[in-house]
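Shown next, in structure tokens, is the structure this report addresses.
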Amino acid sequence: MKTLFASALLALTLAASTTFAADNREEKKTKSTFQSAVYPMTNSMKVNVCVSKETDSKVNVRLVNSEGQTLANRKLGEGQEVATLRFDLNQLEDGVYKVEISDGTNTEIKTVKLQTSTPVVQSSRLVSMN
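Heads up: take any position in the sequence shown, counting from 1, add 153, and you land on this note's numbering.
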């Protein structure tokens with residue numbers, strides 16, 4: 154009985170010590186130095202990208218197609234806090250594009266979908282009374 158109790162106590166002690174020896178480091182989340190918003194302009198094929206950033210940071214804004222090719226690249230340097238960039242999508246084919254905004258450490262990716270709708274011809278009917 155003493156042996157069984159000693160074995161159980163030893164097993165419990167080992168289990169507790171390995172549990173406490175686990176890696177308890179917290180992952181450091183780096184604070185983003187910018188905020189961004191991407192929105193389409195009304196009645197046009199243009200997209201606005203608004204970026205608000207810290208004065209001493211640099212931000213890179215890229216327009217990328219579905220194959221990962223960079224179609225446009227704009228850099229915001231130090232000293233500039235707020236910027237509105239405009240991308241003209243008029244010459245691009247239908248598909249999914251991404252706007253990547255990065256400060257070198259943190260990256261925000263916004264998806265833009267281009268889709269041409271086919272015009273629908275509507276027939277009109279007229280009701281007349283005599």
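Glycine residues also receive a C-beta, built at the ideal position from the N, C-alpha and C atoms.
- For Thr223, the enclosing beta strand (DSSP E) begins and ends at Thr223 to Leu229.
- Counting along the chain, Lys206 sits inside the beta strand (DSSP E) bounded by residues Lys199 to Lys206.
- Close CB contacts of Lys266 within its chain, under the 7 angstroms cut and outside five residues either way in sequence, are with Val249 (chain order).
- Per DSSP, Leu238 is one residue of the beta strand (DSSP E) stretching across Val235 to Asp241.
- Comparing alpha carbon positions, the residue from Leu216, Thr208 and Val273 closest to Leu229 is Thr208.
- Sequence-distant Cβ neighbours of Leu245 in its own chain, meaning closer than 7 angstroms and more than five residues away, are Leu267.
- If you look at Pro193, you'll find it in the beta strand (DSSP E) that goes Phe187 to Pro193.
- Look at Gly248 here: in three-state DSSP terms it is strand.
- For Ala236, the CB contacts under 6 angstroms within the same chain, skipping 5 residues up- and downstream, are Val204 and Leu229 in chain order.
- Put simply, of Val202, Ser197 and Met198 the residue whose alpha carbon is nearest the alpha carbon of Ser189 is Val202.
- Just measuring C-alpha positions, the residue of Asp256, Asn243 and Glu234 sitting nearest Met198 is Asn243.
- For Glu231, the CB contacts under 8 angstroms within the same chain, skipping 5 residues up- and downstream, are Thr208, Asp209, Ser210 and Lys211 in chain order.
- When DSSP reads this structure, Val212 sits in a beta bridge with Leu229.
- Beta-bridge pairing by DSSP links Lys266 to Val249.
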